[in-house]
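Following: one structure in structure tokens, then a few remarks.
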Amino acid sequence: ADRDGRRTGVSVLGVNGWVDDNDFTDAFKSNVKDTIEDELADICMRVFDLAEKMEIDLEQHIKAKMRYNALRQFKHGKKY
Numbered sequence: 001a002d003r004d005g006r007r008t009g010v011s012v013l014g015v016n017g018w019v020d021d022n023d024f025t026d027a028f029k030s031n032v033k034d035t036i037e038d039e040l041a042d043i044c045m046r047v048f049d050l051a052e053k054m055e056i057d058l059e060q061h062i063k064a065k066m067r068y069n070a071l072r073q074f075k076h077g078k079k080y
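Read in order, the letters of the sequence shown are residues 1 to 80 in our numbering.
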């Protein structure tokens with residue numbers, strides 16, 4: 001896990017651009033594994049897995065929440 005603040009420094013396009021699976025695996029292990037980006041991806045995958053298991057259309061709920069946030073007052077009408 002990310003305990004040292006390590007970041008990938010590698011673009012996703014670069015990682016996804018490697019054709020050979022062995023090259024991809026090696027590059028992932030040396031450049032991406034155990035970085036904050038890797039850990040955040042794990043979190044997202046688990047959340048989407050849970051939503052699917054619970055039959056929640058998370059994409060629609062995210063869209064609705066983003067629209068709601070865009071329409072509400074700055075700082076939700078609070079003065080602090």
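Quick reminder that beta carbons are idealized off the backbone N, C-alpha and C, glycines included.
*May I ask which residues mark the beginning and end of the alpha helix (DSSP H) holding Val47?*
Ile36 to Lys53
*Determine, using beta carbons only, whether Val32 and Asp38 come nearer to each other than 7 Å.*
yes
*Hey, could you find the ends of the alpha helix (DSSP H) Ile103 is sitting in?*
Outside the shown range of the chain (1 to 80) lies residue 103, about which nothing can therefore be said.
_Span separating the alpha-carbon of Asp42 from that of Gly77_ = 35 Å
*Residue range of the alpha helix (DSSP H) that Phe24 falls in?*
Asp21 to Asn31
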